[in-house]
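Here's the structure we're looking at; comments come further down.
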Amino acid sequence: MSVLDIAKGMGVTLGHLFKRPVTVRYPEQPVDVKPRFRGRHHLLRHPSGLEKCIGCSLCAAACPAYAIYVEAAENDPDDPVSPGERYASIYEINMLRCIFCGMCEEACPTGAIVLGHEFELADFVYQDFTYGKDDMLVGVMGSKWQRREATQKGRDVRVGLSSGPRPELEGVDY
Amino acid sequence: MGLRDLFERDVQELEQEGILFSTLGKLVAWGRSNSLWPATFGLACCAIEMMQSTNARNDLARFGSEVFRASPRQADVMIVAGRLSKKMAPVMRRVYEQMPDPKWVISMGACASSGGMFNNYAIVQNVNSVVPVDIYVPGCPPRPEALVYAVMQLQKKVRGEAFDQRGVELPMVEGWAR
Numbered sequence: 001m002s003v004l005d006i007a008k009g010m011g012v013t014l015g016h017l018f019k020r021p022v023t024v025r026y027p028e029q030p031v032d033v034k035p036r037f038r039g040r041h042h043l044l045r046h047p048s049g050l051e052k053c054i055g056c057s058l059c060a061a062a063c064p065a066y067a068i069y070v071e072a073a074e075n076d077p078d079d080p081v082s083p084g085e086r087y088a089s090i091y092e093i094n095m096l097r098c099i100f101c102g103m104c105e106e107a108c109p110t111g112a113i114v115l116g117h118e119f120e121l122a123d124f125v126y127q128d129f130t131y132g133k134d135d136m137l138v139g140v141m142g143s144k145w146q147r148r149e150a151t152q153k154g155r156d157v158r159v160g161l162s163s164g165p166r167p168e169l170e171g172v173d174y
Numbered sequence: 175m176g177l178r179d180l181f182e183r184d185v186q187e188l189e190q191e192g193i194l195f196s197t198l199g200k201l202v203a204w205g206r207s208n209s210l211w212p213a214t215f216g217l218a219c220c221a222i223e224m225m226q227s228t229n230a231r232n233d234l235a236r237f238g239s240e241v242f243r244a245s246p247r248q249a250d251v252m253i254v255a256g257r258l259s260k261k262m263a264p265v266m267r268r269v270y271e272q273m274p275d276p277k278w279v280i281s282m283g284a285c286a287s288s289g290g291m292f293n294n295y296a297i298v299q300n301v302n303s304v305v306p307v308d309i310y311v312p313g314c315p316p317r318p319e320a321l322v323y324a325v326m327q328l329q330k331k332v333r334g335e336a337f338d339q340r341g342v343e344l345p346m347v348e349g350w351a352r
């Protein structure tokens with residue numbers, strides 16, 4: 001190994017000094033998430049405003065971690081919640097049990113549950129990880145903690161990601 | 175009050191007026207929150223994402239927690255990354271006991287936090303039954319950015335800005351009374 005080799009190696013180091021840094025400045029700038037990334041679930045609605053979920057529990061049956069709990073109820077014909085006979089009166093997912101495999105999405109006959117792109121789900125207490133319908137329906141942005149903090153500080157929820165379009169996620173806008 | 179007066183006064187006097195343990199406590203918490211050194215405790219695939227979070231792309235050093243210490247005696251926070259088998263549980267408890275006292279635990283991933291899909295006799299179903307967990311990170315495995323977010327959450331807890339769903343403020347360190 002000669003002095004020339006050392007100079008060559010140091011040259012590579014010197015070259016990197018003048019390149020753009022590869023670091024994603026995450027909390028300040030949004031993370032670029034790939035369209036097929038699977039994050040927090042969204043419960044979608046039809047364009048008419050009715051919920052797509054019909055409370056069939058197929059997602060709960062397909063879930064390998066048994067993280068989903070669905071309780072169905074009969075629709076009121078005058079004021080239906082979903083277009084079918086029944087709707088999900090309780091829809092809960094334990095986000096800590098969930099392994100984000102997307103099998104619920106595959107099993108769903110109406111395309112009601114789709115895994116979105118949100119990943120900022122870290123929280124402090126185990127009991128706060130049960131996400132209900134009001135945490136997952138379209139229009140709700142951010143994790144439980146993000147919404148809690150936004151309410152306390154009186155500002156909007158800021159989700160630190162940007163992503164390409166995905167046709168399954170209709171109505172969800174990041 | 176000038177700095178000179180502050181130094182000339184008695185410690186007990188300052189303590190009574192709440193200067194020593196509120197103002198100084200905030201400063202110490204700020205210092206602690208910006209130098210959280212993790213102990214190396216990778217158990218499974220989550221450890222790969224944990225390593226990824228320290229590299230150049232997701233630079234965890236921006237938050238002062240890039241130095242993964244091989245010795246628990248130099249660490250502040252234990253990142254339990256991966257499923258914890260019941261054989262490993264006493265070992266992890268021992269590593270936790272060896273860490274010096276202001277210490278925190280991040281439970282990373284579904285398996286460490288709740289057992290995930292491994293609902294069987296070999297896996298500890300929640301790491302909280304072995305060590306007191308401060309932050310849970312869902313995901314299988316979580317993205318490196320999700321771990322970065324969890325470290326930011328832990329910084330909030332260390333600074334005393336954390337509260338739970340019912341609005342109850344969480345203590346900065348679980349073991350102050352220990």
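As you go down the protein sequences, you meet chains A and B in turn.
Position 99 of the first sequence, counting from 1, maps to 99 under my numbering, and the rest follow consecutively.
Position 168 of the second sequence, counting from 1, maps to 342 under my numbering, and the rest follow consecutively.
C-beta: ideal position from N, C-alpha, C; glycine also.
Go to A:Met103, then tell me how far its alpha helix (DSSP H) extends in each direction, as first and last residue. In the first sequence, counting from the first residue as 1, residue 103 of chain A sits at position 103. Counting along the chain, the alpha helix (DSSP H) containing A:Met103 begins and ends at 103–107.
At 8 Å on the CB atoms, spell out the chain A contacts of B:Met326, in chain order. Numbered from 1 along the second sequence, position 152 holds the residue referred to as residue 326 of chain B. Under the 8 Å cutoff, chain A gives Pro27.
So B:Val301 packs on B:Val307, CB below 8 Å; how close in whole Å? By 1-based counting over the second sequence, the position of residue 301 of chain B is 127. By 1-based counting over the second sequence, the position of residue 307 of chain B is 133. Confirmed, about 6 Å.
Any beta carbon of chain A sitting closer than 8 Å to that of B:Tyr323? Position 149 of the second sequence holds residue 323 of chain B. With 8 Å as the cut-off, B:Tyr323 counts as an interface residue toward chain A.
DSSP-derived helix/strand/coil call for A:Ala65: Translated into positions along the first sequence, residue 65 of chain A becomes position 65. Of the three classes helix, strand and coil, the one that applies to A:Ala65 here is coil, per DSSP.
Beta-carbon within less than 8 Å of A:Ala61's beta-carbon, same chain only, minus the 5 sequence neighbours each way: which residues are those? For the purposes of this step, residue 61 of chain A is identified with residue 61 of the first sequence, where counting begins at 1. The residues are Ala107.
Report the rounded CA-to-CA distance for B:Arg206 versus B:Glu319, giving the unit in angstroms. As a working mapping, residue 206 of chain B is identified with position 32 in the second sequence. As a working mapping, residue 319 of chain B is identified with position 145 in the second sequence. So the alpha carbons of these two residues sit roughly 21 Å apart.
Can you pull the chain A neighbours of B:Ala287, defined as C-beta to C-beta under 7 Å? Against the second sequence, residue 287 of chain B aligns to sequence position 113. Residue identity check: residue 287 of chain B is Ser in the sequence provided, not Ala. Per Cβ cutoff of 7 Å: Leu96.
Got a sec: is the Cβ-Cβ distance from A:Val172 to anything in chain B below 8 Å? To locate residue 172 of chain A, count along the first sequence from 1; it is residue 172. Any Cβ of chain B closer than 8 Å to the Cβ of A:Val172 would place that residue at the interface, and such an atom is absent.
Can you tell which of B:Arg236, B:Trp278, B:Gly313, B:Asn294 has the C-alpha that lies nearest to the C-alpha of B:Ala284? Your numbering for residue 284 of chain B matches position 110 in the second sequence. Among B:Arg236, B:Trp278, B:Gly313, B:Asn294, the Cα nearest to that of B:Ala284 is on B:Gly313.
Might you give, ordered along the chain, the residues of its own chain that have their beta carbon closer than 7 Å to the beta carbon of A:Met141, omitting 5 neighbours on each side? Start at 1 with the first residue of the first sequence, and residue 141 of chain A comes out as number 141. Answer for A:Met141: Val157, Val159, listed in chain order.
B:Ile222, DSSP secondary structure in three states: If you number the second sequence from 1, residue 222 of chain B lands on position 48. In this structure, B:Ile222 counts as helix in the three-state DSSP scheme.
Chain A residues whose Cβ lies nearer than 7 Å to that of B:Gly290: Locating residue 290 of chain B in the second sequence gives position 116, counting from the first residue. In chain order: Ala65, Arg97, Ile99.
Quick one, which of A:Glu170, A:Gly164, A:Ala150 has its alpha-carbon nearest A:Phe37's? Your numbering for residue 37 of chain A matches position 37 in the first sequence. Comparing Cα positions, the closest option is A:Gly164.
Those residues which DSSP pairs with A:Leu161 across a bridge: Translated into positions along the first sequence, residue 161 of chain A becomes position 161. According to DSSP, A:Leu161 bridges with A:Val31.
Which value, in whole angstroms, describes the spacing of the CA atoms of A:Phe129 and A:Ile68? The residue given as residue 129 of chain A occupies position 129 in the first sequence. The residue given as residue 68 of chain A occupies position 68 in the first sequence. Between the alpha carbons of A:Phe129 and A:Ile68 lies a distance of about 12 Å.
Coarse secondary structure for B:Pro312, derived from DSSP in three states: For the purposes of this step, residue 312 of chain B is identified with residue 138 of the second sequence, where counting begins at 1. Note: B:Pro312 maps to coil in three-state DSSP.
Is the stretch 17–27 of chain A touching the stretch 230–241 of chain B, taking contact as three or more C-beta pairs under 8 Å? yes
Less than 8 Å between CB atoms is the rule here; does A:Arg148 satisfy it with respect to chain B? Taking the first sequence and counting its residues from 1, the one referred to as residue 148 of chain A is at position 148. Chain B contact via Cβ: present.
Give me whichever residues DSSP pairs with B:Asp233 in a beta bridge. Indexing the second sequence from 1 puts residue 233 of chain B at position 59. DSSP output for B:Asp233 lists no bridge partner at all.
Report yes if the C-beta of B:Val185 is less than 7 Å from at least one heavy atom of the ligand COA; otherwise report no. Inclusion of the ligand COA in the displayed structure is not the case, the ligand content being empty and no account of it being possible.
What residues in the stretch 117–130 of chain A have a beta carbon less than 9 Å from any beta carbon of chain B? Contact residues of the stretch 117–130 of chain A toward chain B are Phe119, Glu120, Leu121, Ala122, Asp123, Phe124, Val125, Tyr126, Gln127, Asp128, Phe129 (C-beta to C-beta distance below 9 Å).
The beta strand (DSSP E) spanning B:Val251 covers which residue range? By 1-based counting over the second sequence, the position of residue 251 of chain B is 77. It spans 251–255 - the beta strand (DSSP E) in which B:Val251 sits, taken as one unbroken run.
Take the Cβ of B:Trp350 as the centre, count every other Cβ of all protein chains shown within 10 Å, and call the residue buried at 16 or more, exposed below. In the second sequence, counting from the first residue as 1, residue 350 of chain B sits at position 176. Any reading at B:Trp350 must be qualified, since the residue scores a pLDDT of 46, below 50, and its modelled position is unreliable; no value is offered.
How many angstroms separate the CA atom of B:Gly238 from the CA atom of B:Glu271? Counting from 1 along the second sequence, the entry for residue 238 of chain B is found at position 64. Counting from 1 along the second sequence, the entry for residue 271 of chain B is found at position 97. If I take the Cα positions, the gap works out to 23 Å.
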